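In our numbering, the protein residues as written are 767 to 1614. Think of the CB as a built atom: it goes at the ideal place given N, C-alpha and C, for glycine as much as any other residue. If you're wondering where the values come from, they're calculated on a predicted model, not measured in any experiment. What follows is a set of notes on a single structure, which appears directly below.
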Amino acid sequence: MVSSWERFMKISACYIVKDEEKNLAQSIGSLRDAVDEIIVADTGSGDNTIAVARQLGAAVYSFPWQEDFAAARNFALSRATGDWLILLDADEYFTESTAGNIRSLLAGAAQDVNGLLIQMVNYDTDRQEEQDRFYQLRIVRNLPGLAYHGIIHERLRLRGGDIPGIALVKSHLLEIYHTGYRTGTSEFKKRRNLRLLQKALAAGSSEAELSLYLCVTYAALKEWDKALYYGWLNVHQGRSSVTYAAQCHRILLEYYADKDTWEARERRLELAELAASQFPELPDFHAEYGECLFQWRRYDEAARELQQALALWDGYDGLEPCLLTQEHIDVMEKRRELFAARAAAQAKLRITACIICKNEAGNMHKWLDNASVYADEIVAVDTGSTDGTVNILADRGVSYYEYQWQEDFGAARNFAMEKATGDVIVFLDADETFRYPASIRGSFSRLWENRDDWDVVVVDLHNIDVDNNNNLINTNQVVRILKNRAGLCYAGAVHEQVADSRCPGRQLRCTYGDGLLAVEHTGYSSGIIRQKLARNLSLLIKVINEGADIELYYGNLAGCYFGMGEYSRALDYALLAIQSVYQPVHNRGDNYWVALESMEELEYGYDDRLAVAEVARQELSEVPDFWGYKGYYLARQGHWASGRDNLAKAFDLHQSGSNGHAATHFPQLYCQFRTYMAECYFHLGEWQLAEAMYLEVLRLNRWYEAAISGYLDMGADRAALYELYASAEERKALERLLDRHGFGAGIQPENGDMRKAMTALVENMQYLFVSLLGRQPDFASAMFKEQIGLLPEGLQRLVLAYHGRLEDAGQLEQSDYQSMMSAVTDWGTAEIIEAYRNLGKVFGEAGV
């Protein structure tokens, strides 16, 4: 039976359209039996859209497109006379099974209901698959003051505010399919949306206000730098009131899940925790957070989150779309069992954290906070503190032992180990803490599964300079985790090592911890390093004078002398250590680093440095440092292509996280090597790459003078440089720096003129090279010497080899040869080209 209100109630359907002849008939057809009028505002169709609309009974109005969706929609609203308004796009339609419910639902709506949220189904007709589901406001009462706001992703408002009385309609009653973002037609819409969003920004809309839509659009266009920027901007604002508010969270989580780096894992974990807290009703994010926690080996927390996700999924009916399917749930049930088993194993393991300390009040709270996260037992041994260290231990409820200092670190550590009762012993210094303490118990439990295969665990030790913006100095590999078994002990009064007293001389079985077991050490910070080095050197000399084999300590002596600025002695001991039969198991490479840096300080020639770097590179081919040093030295000698290639290899290794279980100083060298790689690109004529690389360095360190000088030397855009320095104070400091280096504001050449000049310079050099090949020169003449002297050394050798005047073809660089091939081909005669190709045979087939 039809109610009187239903009989007299009037419903209007409103559209704005352009070139929608393929979609409009299906959309209007899905609702026209339920509505009393259909309003179509056409914004400039060039196809049969208008004819289709009129044929279906619509009242069609022309509205010139103004790059403003709100304006067009408000025009359509102004023509509607119904009590209720149905607001659809041409690519949206009610499902056949629910369209018949429209009139009865609206007739039965309570008086305080002013709008209805309808479930939308994004459907890709090209792939014939559902993408996702979400709720949107698609039916409202025709109230005075109703209007859209925003030129794109416009929102319907009532007198400028939120519309009160919004109700949700169950999907079995009303459901709308949307096909507008199918694979074959979405690219145009993405570009259009971006254009309108940029217009909205220019008109005064804030980035924060549009952050969700900017993130979605840039992600769709694969412009990830901007997508990430706007995504995080949106996430940090908290949950917004729009439907489908979790889009940015989903986009960012998917992005980071695809990146296999520690930074990406950290960001994914941070974001998953935030998403689960901002959308506590949504099972998807609890499942995601649980998987992240499992990846970080926080098994008990992971099990709880996964359980929460499963509980929420059962009967979920929230506004935000849940993308979990029954297939996902089946997998999650099995994963829950695994998570619970790992959590149980983790709980069984007993861990003892040991420390020996003296006057460590400044570090003790941080150390105890860190250890309390993972340790079942703390064994603290104090060797004579006078600064309140023992008071801190007592106040924190930690029992400690007093030990008479004997100038023997090994003996003090062994005393502490005797008190330990755990399965595993962690022995960190007071200035050392685990980077990820919440992941330690899970990581240990995994290692414990293979406990018969190892005695000690080697971990990455990141040396952090707290006196210099917490910069990473270098990374070493050290033993900090021991199995608590008979015989394992420390040997040595200084730079003590773990040994097996039952089998002296036997090499211990090592396993290597991954990045979750990384330790951060602040004891080499610039403010205290010299004091520590002086202490260590004094102990080393004492041990050696008492009869210890000095050859065991060459590397330690080299490190002490280098840190104290005695570079000649550091170099001597580093070279002795490199040649010694006693080689470190874990920190191979440190001695080469000391040698090369000492040679830099002592201003050794590049040939000498290159020889040492090449030996290091061959021995430690997985360590990025020595590829970098080789590239740096080659660049300094003018071998730009070879320098670039070796530096590129260094950065590839660094990016992959490879170091071959050897020490690496690459973070400390990063800006230096990147700057020389930019210089290589510049000299090879790759201006844009050089410019981008200089700016990359300056974003990491805005006051890296070599990069500033290199950037301005190449005549790059000074405005782009100035953008890196936000405040007036910073810009004044930059001006002073530029003046000191001779880059005053008045001497900046036009960027385009400089580029033209540099391009001409390179072309002239190439022409000179080919011309010297093309004639039989008088090698003794002043003119020849002057002309060949204008070429880099590598090209000079090629000219001499071409004319048979170079005795050792081994001096030729294949990269130099190949860099001139195109010039020879362009400008040389057939005879020159053939002869030049024959010259290339010295490099084998690849060189020709």
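Among the options, which has the Cα closest to the Cα of residue i?
{"i": "glycine 1371", "options": "Thr847, Leu976, Gln1403", "result": "Gln1403"}
{"i": "valine 1192", "options": "Asp1219, Glu1215, Val1224, Asp785", "result": "Val1224"}
{"i": "histidine 1431", "options": "Leu1400, Val1463, Lys1124, Pro1390", "result": "Pro1390"}
{"i": "valine 906", "options": "Leu853, Ala824, Gly916", "result": "Leu853"}
{"i": "glutamine 1112", "options": "Asp1148, Glu1067, Gly1476", "result": "Glu1067"}
{"i": "histidine 1405", "options": "Leu1318, Leu1376, Glu1332, Ala1382", "result": "Leu1376"}
{"i": "arginine 958", "options": "Gly1208, His919, Asn1250", "result": "His919"}
{"i": "glutamate 1388", "options": "Ala1428, Glu1366, Leu1400", "result": "Ala1428"}
{"i": "threonine 945", "options": "Cys981, Gln897, Tyr1348, Arg1465", "result": "Gln897"}
{"i": "proline 1350", "options": "Ala1023, Gln1263, Ser1007, Lys955", "result": "Gln1263"}
{"i": "alanine 1265", "options": "Val1245, Leu1478, Asp1374, Gly1281", "result": "Val1245"}
{"i": "tryptophan 1469", "options": "Glu1496, Tyr1583, Met1480", "result": "Glu1496"}
{"i": "glycine 1163", "options": "Tyr1169, Gln1170, Val1145", "result": "Val1145"}
{"i": "cysteine 1437", "options": "Ile1598, Glu1369, Ala1494, Ile1239", "result": "Ile1239"}
{"i": "glycine 1476", "options": "Ala1444, Leu1500, Ser1493", "result": "Ala1444"}
{"i": "leucine 1194", "options": "Asp1218, Thr1118, Asp1221", "result": "Thr1118"}
{"i": "lysine 1124", "options": "Gln1532, Tyr1568, Thr1152", "result": "Thr1152"}
{"i": "glycine 1331", "options": "Asn1311, Glu1363, Ser811", "result": "Glu1363"}
{"i": "glutamate 1071", "options": "Gly1081, Cys1058, Tyr1082", "result": "Cys1058"}
{"i": "tyrosine 1358", "options": "Leu1337, Asp1373, Leu1368", "result": "Leu1337"}
{"i": "lysine 784", "options": "Ala1458, Phe1439, Gly810, Pro910", "result": "Gly810"}
{"i": "glycine 1271", "options": "Arg1212, His938, Ile794, Cys1255", "result": "Cys1255"}
{"i": "glutamate 1168", "options": "Ala1106, Ala1107, Val1147", "result": "Val1147"}
{"i": "isoleucine 884", "options": "Lys1607, Arg899, Asp892", "result": "Arg899"}
Helix, strand or coil: how does DSSP classify residue i here?
{"i": "serine 1151", "result": "coil"}
{"i": "arginine 1228", "result": "One detail in the question is off: residue 1228 reads as histidine in this sequence, not arginine. Looking at histidine 1228 - three-state DSSP - the assignment turns out to be strand."}
{"i": "methionine 775", "result": "coil"}
{"i": "glycine 1512", "result": "Its pLDDT being 39, under 50, glycine 1512 is placed unreliably by the model, and nothing is read from it."}
{"i": "isoleucine 1294", "result": "coil"}
{"i": "methionine 1520", "result": "For methionine 1520, the pLDDT reaches just 46, beneath the cut-off of 50, and the residue's location in the model is therefore unreliable, although a value from the coordinates is still provided. Three-state result, methionine 1520: helix."}
{"i": "phenylalanine 829", "result": "coil"}
{"i": "isoleucine 804", "result": "strand"}
{"i": "glutamine 1073", "result": "helix"}
{"i": "asparagine 1180", "result": "helix"}
{"i": "tryptophan 1359", "result": "helix"}
{"i": "valine 1260", "result": "coil"}
{"i": "threonine 1595", "result": "coil"}
{"i": "glutamine 1172", "result": "coil"}
{"i": "arginine 1246", "result": "strand"}
{"i": "leucine 790", "result": "helix"}
{"i": "tryptophan 1062", "result": "coil"}
{"i": "cysteine 1088", "result": "coil"}
{"i": "valine 1381", "result": "helix"}
{"i": "histidine 938", "result": "coil"}
{"i": "isoleucine 1095", "result": "helix"}
{"i": "asparagine 1235", "result": "coil"}
{"i": "isoleucine 929", "result": "coil"}
Assuming residue i and residue j make a contact with CB atoms under 8 Å, what is their CB distance in whole Å?
{"i": "phenylalanine 1175", "j": "valine 1232", "result": "Contact flag wrong, Cβ pair sits at about 23 Å."}
{"i": "threonine 1187", "j": "tryptophan 1171", "result": "25 Å between Cβ atoms; not a contact."}
{"i": "glycine 931", "j": "aspartate 878", "result": "5 Å"}
{"i": "isoleucine 1017", "j": "glycine 1004", "result": "Not really, about 17 Å apart at Cβ, beyond 8 Å."}
{"i": "glycine 881", "j": "isoleucine 929", "result": "5 Å"}
Query - In chain order, each alpha helix (DSSP H) run of at least 4 residues that lies wholly inside the stretch 875-927 - result: Correct list: empty.
Report task. Identify every run of the alpha helix (DSSP H) within the stretch 1385-1417, keeping only runs that are complete inside it and at least 4 residues long; order them along the chain. Result -> The stretch 1385-1417 contains these whole alpha helix (DSSP H) runs: 1390-1402.
Query raised in the report: What residue ranges within the stretch 1183-1231 form continuous beta strand (DSSP E) runs of no fewer than 3 residues, ordered along the chain?
Result: 1190-1193, 1198-1200, 1222-1231
Requested in this report: Enumerate, from N- to C-terminal direction, the unbroken alpha helix (DSSP H) stretches of 4 or more residues contained entirely within the stretch 1267-1312.
Outcome: Whole alpha helix (DSSP H) segments, 4+ residues: 1295-1311.
Query raised in the report: What are the start and end residues of each continuous alpha helix (DSSP H) run of 4 or more residues lying completely inside the stretch 991-1057, in chain order?
Result: 1013-1023, 1028-1044
Query raised in the report: Does the pairing of the stretch 1413-1421 with the stretch 1583-1600 give three or more beta-carbon distances under 8 Å?
Result: no
Query raised in the report: Is the stretch 862-880 touching the stretch 820-829, taking contact as three or more C-beta pairs under 8 Å?
Result: no
Query raised in the report: Which ranges would you report for the alpha helix (DSSP H) in the stretch 1415-1487 if only whole runs of at least 4 residues count?
Result: The alpha helix (DSSP H) runs lying completely inside the stretch 1415-1487 and spanning 4 residues or more are 1432-1449, 1453-1466, 1471-1479, given in chain order.
Requested in this report: Would you check if the stretch 1265-1284 and the stretch 1305-1312 touch, i.e. whether three or more CB-CB distances between them fall below 8 Å?
Outcome: no
Query raised in the report: For the stretch 1192-1201 against the stretch 1090-1102, are there 3 or more C-beta pairs whose distance is under 8 Å?
Result: Using a C-beta cut-off of 8 Å, the stretch 1192-1201 makes no contact with the stretch 1090-1102, since fewer than three inter-stretch Cβ pairs fall below that distance.
Query raised in the report: Is the stretch 917-936 touching the stretch 828-847 in the sense that three or more CB pairs, one from each, lie closer than 8 Å?
Result: yes
**Report entry** Contact between the stretch 851-868 and the stretch 793-811 (3+ Cβ pairs under 8 Å)
**Finding:** yes
Query - Any 3 or more C-beta pairs closer than 8 Å across the stretch 1042-1056 and the stretch 1070-1077 - result: Counting Cβ pairs under 8 Å, three or more are found: they touch.
Query raised in the report: With a cut-off of 8 Å, do at least 3 Cβ pairs link the stretch 1090-1097 to the stretch 1122-1136?
Result: no
Query raised in the report: Taking one C-beta from the stretch 934-945 and one from the stretch 848-862 each time, how about it: are there three or more such pairs within less than 8 Å?
Result: yes
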